[in-house]
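What follows is a single structure, written as structure tokens, with notes after it.
Chains as they are written, first to last, in my numbering: chain Y, 1 to 426; chain L, 1001 to 1426.
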């Protein structure tokens, strides 16, 4: 089969006409399919549904430290939950603070604290320093960028490599004292699905930065393996401590993609200095998070980390076929044309696809007109602007396998049509 | 029976010796009683315990707007919850935003937003204005004062009257453009138990302030009646709108003292301008609060406000006897001596007691040494300093009636002993 580069203009035109006919057929079907967000499916939720039976009016509602889960208190969370996350994240129990249902909320609150009150005791609030900047490895997570943009920080894109952010670029950028931090999804990154190499982690820990530089280490997919090949990522908190920069990073995670997206448990982990600083705020912010949900989680995973791992295997069994539908369709429909590339991750929630430069917006539009919703083009870049108009984040988990097959087929047609439109107009 | 003012020195000394003997007897008993915090009792929790059976794996988990409560989304909360709170707070549904389990958290986040980002579109953040101040009607709620103190706002005490804050003082203070707001618990105030008069509410709505002045209207006890005499408080949001100051106030409430203290639902209500401004933040801060708990609440109160009111009557049946133990003991043990005064509220969680000036710290210490923990003296005042060393916040809900009888007896002995020590040393 010929690549587009090898085709004559007539062959390209014939291909375009053929695809247009298929596209028009789909368009007539009034599709309503969505691959926009990394949303777990009903089937995934079903895998945790028995958790809803764990706590009832006949349950013992007192924890091992004699906390009544119905009443006030327990600011940093139940020890049982800390222990579970200690095993999941492989960080010591005492570094962990349990939050509500949203790690995004914990990140926002932490960054807001750095912005308004400073990143630590005696450090000047970013808002008073003026003109602060934040590094945004891109493509990355739109909601991260949204927080920094809300705070008026200048978003600085950093290219992603298969080993994480391009550290040559990062090390150069952090020489600017106005650069105050960086967002990182170190494992099965959103959206590339790739993981940070040991060298990347060590360089992040060691590089010279201003004292109030903070890494938002969003370990959202820490146990979210999909294949037999598991990525391993070094513990940044530990590396920072070893490098003499103990307060450089704060780690975030949750069970949103383990149990229920809207009713999981979020945590952060931090070394002593950051932990104390965060607690100074938290102590004024709340009396404590919902402990019923905390207890429900630890009783559901009653054998701890081994139960969690079995559960994640079960989820992988549901999710992997979704990834395979997309990847195998890409392989069949796109690879022979040699017009784009995509990632094939070992875990996480996304496939990152780079279509022909300058065509992503058109692909999005073609899909939309056909009833297939994709992540807004550019969303994975600071200020929503993909400089190459090329990257698309594919989220395969939510649609059914049948829907996904159709949506991916439409997507492949759109990618090829947009490429052909571009080639033929040049 | 003689008041202390009527007694001779010998009579006072004899009274002191008699009380000291009783005090020493209690001290020998190794008591461990706590009247420090407005914490609902186990019996109160028990009244809502069936709520834990409402949601299980066989429940319909889809709401009337087809929201899957397990998944992401629904930033402002379920419409069913908004409707319930609309009835509870008597404000229109569209003004309500549902949060997590803590109204304190919502207040903190709102004040942090005003501080770091400004109180509205185009308004200068308080942090950049420098030297901002906040009015603290006192005695008041220590956790309110804690938020403002954390943000570095200067806390300005305002005397409380039986109709709410002394509005002559407030109207004078708000002439200072650095005064940016005021904390209010308008109904069954913490700790006085008194409610704001219509005139007070109207004056708050009408007074001339800077544009970014904000009232934190913490309606924590809005349906928490204890007696047949119910207080009514005007709707400040409405009054502000009528007075041409629609963005002056934000209202907060929760079910922490309706269902479960640690796992209730918190809400805020605001007029359009504030609501939009808050949503700009919230949209970046979280994807949505726990909707399982929201659904559990509306299904537990399936007939809406009438179920809530019946439930509150049931709770009043549990709580009122606790108040009566304290009040009747005060009546018997303290009134004849004419050394102090206290409030007798129609609802809420506290009794506010003013003991002889200059003796509250001593009373606290005497109680503590006897195993009875009270709210730290001064906690109800800005910076923890009661200028008269006189106010004590009594929280009768948590201890059992038996414990409460003992604790209150110890307290009365301590109040009298401290007064006698003071009189005899003068």
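For each residue, glycine too, the CB sits at the ideal point set by N, CA and C.
Values in this document were obtained by computation on a predicted structure and should not be read as measured data.
Interface residues of chain L around residue 53 of chain Y at Cβ under 7 Å?
1056, 1057
Quick one: any contact between the segment 382 to 396 of chain Y and the segment 297 to 315 of chain Y, if contact means 3 or more CB pairs under 8 Å?
no
Put residue 233 of chain Y into one of helix, strand or coil per three-state DSSP.
coil
Is the distance from the Cβ of residue 1180 of chain L to the Cβ of residue 1145 of chain L below 8 Å?
no
So residue 71 of chain Y and residue 141 of chain Y are in contact, right, with Cβ under 8 Å, and what is the actual spacing, rounded?
About 36 Å separates the two Cβ atoms, so there is no contact after all.
Excluding the five sequence neighbours on either side, which residues of its own chain have a C-beta within less than 8 Å of the C-beta of residue 279 of chain Y, listed in chain order?
75, 76, 97
Alpha carbon to alpha carbon, how far is residue 369 of chain Y from residue 1316 of chain L? Give it in angstroms, no decimals.
59 Å
Do the CB positions of residue 222 of chain Y and residue 182 of chain Y come within less than 8 Å of each other?
no
Listing by chain order, which chain Y residues have their CB less than 8 Å from the CB of residue 1281 of chain L?
150
Excluding the five sequence neighbours on either side, which residues of its own chain have a C-beta within less than 7 Å of the C-beta of residue 13 of chain Y, listed in chain order?
424
If we define contact as Cβ-Cβ less than 8 Å, is residue 112 of chain Y a contact residue for chain L?
yes
Could you work out which residues of chain Y lie near residue 1288 of chain L, taking near to mean beta carbons separated by less than 7 Å?
262
With DSSP as the reference, label residue 203 of chain Y as helix, strand or coil.
helix
By how many angstroms is the C-alpha of residue 1407 of chain L removed from the C-alpha of residue 1152 of chain L?
37 Å
By the criterion of Cβ-Cβ separation under 9 Å, what are the contact partners of residue 1116 of chain L in chain Y?
Those are 112, 115, 116, 117, 125, 127, 151, listed as they occur along chain Y.
Flag this pair as yes or no: are the beta carbons of residue 1295 of chain L and residue 1078 of chain L separated by less than 8 Å?
yes
Assuming residue 160 of chain Y and residue 138 of chain Y are in contact, meaning their beta carbons sit under 8 Å apart, how far apart are those beta carbons, in whole angstroms?
6 Å
Assigned secondary structure, residue 306 of chain Y (DSSP; H/G/I helix, E/B strand, else coil)
Residue 306 of chain Y falls in the helix class under three-state DSSP.
Short CB-CB distance (under 8 Å) between residue 45 of chain Y and chain L:
Closer than 8 Å to some Cβ of chain L, the Cβ of residue 45 of chain Y qualifies, so yes.
Report buried or exposed for residue 224 of chain Y, applying the criterion of at least 16 other Cβ atoms within 10 angstroms of its Cβ.
buried
Assign residue 1310 of chain L to one of two classes, buried (16 or more other C-beta atoms within 10 Å of its C-beta) or exposed (fewer than that).
exposed
Looking at the secondary structure, which residues open and close the beta strand (DSSP E) in which residue 1373 of chain L lies?
1372 to 1374
Would you please verify whether the beta carbon of residue 72 of chain Y is less than 8 Å from any beta carbon of chain L?
yes
Per the contact definition of three or more C-beta pairs closer than 8 Å, is the segment 259 to 268 of chain Y in contact with the segment 1057 to 1071 of chain L?
yes
Which residues in the same chain have their Cβ closer than 6 Å to the Cβ of residue 34 of chain Y, if we skip the five residues on either side of it in sequence?
373
Starting from the C-beta of residue 1399 of chain L, find all residues in its chain whose C-beta is less than 8 Å away, skip the five residues before and the five after it, and write them out in chain order.
1033, 1034, 1035, 1041, 1322, 1407
Counting only beta-carbon atoms, is residue 1257 of chain L nearer than 8 Å to chain Y?
no
Taking 8 Å as the CB-CB limit, is residue 78 of chain Y close to chain L?
no
What is the DSSP secondary structure of residue 57 of chain Y, reduced to helix, strand or coil?
coil
Please state the DSSP three-state secondary structure of residue 1031 of chain L.
coil
Integer-rounded CB distance, given that residue 177 of chain Y should sit under 8 Å from residue 127 of chain Y
16 Å between Cβ atoms; not a contact.
First and last residue of the uninterrupted alpha helix (DSSP H) at residue 1181 of chain L
Not the alpha helix (DSSP H): residue 1181 of chain L falls in the beta strand (DSSP E), residues 1179 to 1184.
Name the chain Y residues whose beta carbon is nearer than 7 Å to that of residue 1403 of chain L?
Within 7 Å Cβ-Cβ: nothing; residue 1403 of chain L doesn't reach chain Y, min ~16 Å.
What does residue 40 of chain Y touch in chain L if you count any residue whose Cβ is under 8 Å from its own?
1071
Tell me whether residue 45 of chain Y is buried or exposed, calling it buried when 16 or more other Cβ atoms sit within 10 Å of its Cβ.
buried
With H, G and I counted as helix, E and B as strand and the rest as coil, what does DSSP make of residue 356 of chain Y?
coil
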